[in-house]
Amino acid sequence: MIVEVQYAHEDKDLDAVTHDYLSTGYSVYWASPDDFTNDRFRIEEMVVAFDQQAETAFAASWADPPEVDPPEEYLEGFVNSESLTFTDPNPDCNHTWKYGGSDLHDRDFCKHCRLERWKDTAVEAYIYDESTIKTSSDLADRAAQAAFEQREKENHQHVWEPRGENRYRCRCGARLNEHKGKQTISNDPFEDSPEMMTTDPRYCDHIWERGDGCMRCISCGLEDPL
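Position one of the sequence shown corresponds to residue 1 (the UniProt record's numbering), numbered consecutively onward.
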């Protein structure tokens, strides 16, 4: 057991020190000037503190190490550390984590914003890579590019869905426009077109992602049951 006399060093990180002691199997008691007479340590006060599990007593048998923030300078040892953080850089996202980040080293990625993280056992904390966050536009572009490249490799047959007056969409990203009896087909999902800029499902250039029991467009949120 370790008795720490907290007297002069008022800036000492008590949680961090307690965490280190408990993590190595030591119990710790934080003593103050009130625990001393002129010539002795009032050990009975310490015994009572442990019996009552007071805020100054931490027994290795029942106390969990306090949570502590890892040192920010720890990240400086990583390559491209500017984008790394211990704090979630996109807290507004309703993260859904899946295994398999970009570098394949025990990373998770969020299905929605593509933020990547991994658990660093040295500091017992998640490290987030802010550079991996993708906007909705980024995700739609990447998915559309993949669909376009896949379509080029296959003998794809378009299935047209109405997306407004005289306009149709295939789930592969191709568009069909009718004007004065003439049909125009565009197979390029990146061709500039006004309806691509709207989240209205009637005009959305749907980019489909398989969800639970349905296909969901990551651009407008439209769901199509399987």
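C-beta: ideal position from N, C-alpha, C; glycine also.
What you are looking at is a predicted structure, and each value in this text was computed from that prediction instead of being measured.
Which residue wins for smallest C-alpha separation from residue i, given the options the options?
i: residue 218; options: 175, 113, 184; result: 113
i: residue 62; options: 51, 179, 88, 115; result: 51
i: residue 124; options: 158, 42, 65; result: 65
i: residue 47; options: 95, 1, 108, 91; result: 1
i: residue 106; options: 95, 120, 96; result: 120
i: residue 35; options: 122, 7, 216, 164; result: 7
i: residue 82; options: 108, 69, 53, 130; result: 130
i: residue 134; options: 183, 90, 177, 17; result: 90
i: residue 23; options: 179, 122, 126; result: 122
i: residue 111; options: 215, 209, 11, 223; result: 209
Secondary structure at residue i, three-state DSSP: helix, strand or coil?
i: residue 291; result: There is simply no residue 291 to check, as the chain begins at 1 and stops at 226 in what is shown.
i: residue 115; result: coil
i: residue 179; result: strand
i: residue 82; result: helix
i: residue 125; result: strand
i: residue 5; result: strand
i: residue 13; result: coil
i: residue 68; result: coil
i: residue 49; result: helix
i: residue 88; result: coil
i: residue 56; result: coil
i: residue 186; result: strand
Pull up the distance between the alpha-carbon of residue i and that of residue j, whole angstroms please.
i: residue 55; j: residue 67; result: 15 Å
i: residue 80; j: residue 37; result: 55 Å
i: residue 31; j: residue 72; result: 30 Å
i: residue 13; j: residue 212; result: 47 Å
i: residue 93; j: residue 155; result: 38 Å
i: residue 161; j: residue 85; result: 44 Å
i: residue 132; j: residue 115; result: 5 Å
i: residue 43; j: residue 78; result: 47 Å
What distance in whole Å lies between the Cβ atoms of residue j and residue i, which are believed to be in contact at a cut-off of 8 Å?
i: residue 117; j: residue 128; result: 5 Å
i: residue 28; j: residue 4; result: 6 Å
i: residue 60; j: residue 25; result: 5 Å
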